[in-house]
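In UniProt numbering, the protein residues as written are 1 to 323.
All C-beta atoms, glycine included, are put in the ideal place defined by N, C-alpha and C.
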Amino acid sequence: MTQPRHTGDLAGAYALEACPPDEERSVAEHLSHCPTCAAEATDLGRVAGWIGASSAQAPAADLRARVLSAALAARPAGRPRPDAEAGRLTGIYAAQVAELDRLLGRLSPAEWLLPSGPHRSVRDLVVHLRGSDAPVAAATGIARLESTSDAHLGWQRQAGAIVSALGDADSAVLAERVPLAGRTAVQRPLREALVQRGFETWIHAEDVRAVLAAPPRPPSAAQLADIVAFAVRLLPAAMVAAGREHPGSAVRLVLTGDGGGTQLVRLSPAPGSAVAAEVSMPAERFCRLLAGRLTSPLHSADVGGDRDVATDFLTVAATMGCD
């Protein structure tokens with residue numbers, strides 16, 4: 001803009017903040033050294049303010065009530081904020097439930113009767129899995145579902161109810177202690193039980209894949225890491241329960257690939273963690289070992305250091321499944 005002697009009509013646009021950036025800069029510069037135009041712009045600014053105030057409408061009388069009602073419908077008063085970890089863990093579990101559900105839907109009546117994993121039949125496997133899931137279902141307040149002779153449907157309903165109940169759980173719910181599935185009754189926080197549910201559902205989906213002659217399907221890196229961390233927390237006590245503890249000693253567990261990392265695993269709950277052996281393998285293989293799905297656990301890893309210690313560690317780790 002070529003700056004005029006006075007701002008003219010631009011003063012009104014400037015007061016309404018309707019000038020393009022270049023004109024706004026020019027007018028502002030002019031006003032800085034022209035008292036006449038500056039006074040006019042000030043007056044116009046007041047007028048613009050009065051116009052806005054006179055045309056403004058008071059909000060509807062029930063607006064506050066409607067906003068509060070909508071907010072409370074979305075989250076009732078006093079309801080704790082969902083824990084992000086609950087959503088993450090439930091999402092992982094839900095994905096494995098959906099995959100197993102899909103695989104079971106592919107089975108013919110004859111295939112339901114075939115051996116699967118350590119179980120006499122796929123049907124027995126699914127009945128077993130429903131029983132393993134039951135303590136988590138009970139802990140989350142899920143009413144006992146109506147019994148059915150349809151193993152697939154019974155498991156599916158209960159697993160779906162767990163997903164629905166825990167997806168928006170708060171941290172207090174995740175901290176509640178529940179019995180884990182397995183040979184020995186162990187009480188752990190619900191968040192760990194949910195990791196175990198995802199773990200067992202995945203490994204049984206792999207059992208069904210074998211029945212269907214389908215290729216294996218590893219879990220996500222996040223789920224592998226969760227399973228490893230879950231096992232590492234339980235292994236010191238498991239070593240004692242198996243009579244293979246090594247107080248004051250530890251294994252350096254080096255896991256490669258997705259979900260991998262290096263863990264120092266104590267070989268008893270006693271203090272001290274002097275490294276006696278190193279065990280290295282892919283994280284996915286370690287998770288299969290935990291589930292008892294490797295035919296030769298002692299030959300599934302690269303071992304350094306004290307081989308007797310490593311043997312005890314691998315032997316106990318291979319019993320961490322839920323069958």
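Asked, Found
"As a quick exercise: from R252, A214, G160, A60, pick the residue whose alpha carbon is nearest that of D306.", "R252"
"Check each candidate in D22, C37, R25, D323 and name the one with the smallest Cα separation from R183.", "D323"
"Just to confirm the assignment, what range does the alpha helix (DSSP H) spanning E278 have?", "From DSSP, E278 is part of no alpha helix (DSSP H) but of the beta strand (DSSP E) over 274-282."
"Identify which residue in T90, P21, R25 has its Cα closest to the Cα of A222.", "T90"
"How is the alpha helix (DSSP H) around D124 delimited, first residue to last?", "122-139"
"For a test of the three-state rule: what should DSSP assign to P271, helix, strand or coil?", "coil"
"Are the CB atoms of A98 and V127 within a distance shorter than 7 angstroms?", "no"
"According to DSSP, which residues form a beta bridge with V316?", "For V316, which the question treats as bridged, DSSP gives no partner whatsoever."
"Measure the CB-CB distance between L174 and R191 and report whether it falls below 7 angstroms.", "yes"
"For V303, name the three-state secondary structure that DSSP assigns.", "strand"
"Is it buried or exposed, R79, if we count other Cβ atoms within 10 angstroms and call 16 or more buried?", "The pLDDT assigned to R79 is 49, lower than 50, so where the model puts this residue is not dependable; a value taken from the coordinates is nonetheless given after this. That one is exposed."
"DSSP beta-bridge partners for P189?", "R177"
"Excluding five sequence neighbours on each side, which residues of the same chain lie with their C-beta closer than 6 angstroms to the C-beta of Q263?", "V232, L253"
"Return the CA-CA distance between C34 and E24, expressed in angstroms with no decimal places.", "15 angstroms"
"Here's the rule: buried if 16 or more other CB atoms are within 10 angstroms of the residue's CB, otherwise exposed. What is E146?", "exposed"
"Can you name the start and end residues of the alpha helix (DSSP H) that G257 belongs to?", "It is not in any alpha helix (DSSP H) - G257 carries neither H nor E in the DSSP assignment."
"Verify whether the separation of the beta carbon atoms of R130 and G154 is less than 7 angstroms.", "yes"
"Can you find the residues in the same chain that come closer than 8 angstroms, C-beta to C-beta, to S300, ignoring five residues on each side of it along the sequence?", "M281, R285, L289, L294, L314"
"Output needed for S273: all residues of its chain with C-beta closer than 7 angstroms, excluding positions within five of it in sequence on either side, in chain order.", "A250, L264, R266"
"Taking 7 angstroms as the cut-off, decide whether the C-beta atoms of C19 and A13 are in contact.", "yes"
"Leaving aside the five residues before and after T2 along the sequence, list all residues of the same chain whose C-beta is less than 7 angstroms from its C-beta, in chain order.", "Confidence at T2 is low in this model, with a pLDDT of 44, below 50, so the placement of that residue is unreliable and no value is reported for it."
"Pull up the distance between the alpha-carbon of A276 and that of D308, whole angstroms please.", "10 angstroms"
"Does DSSP put A250 in a helix, in a strand, or in coil?", "strand"
"Go through its chain and collect everything with a Cβ distance to F230's Cβ below 8 angstroms, but skip five positions before and after it.", "E192, V195, Q196, F199"
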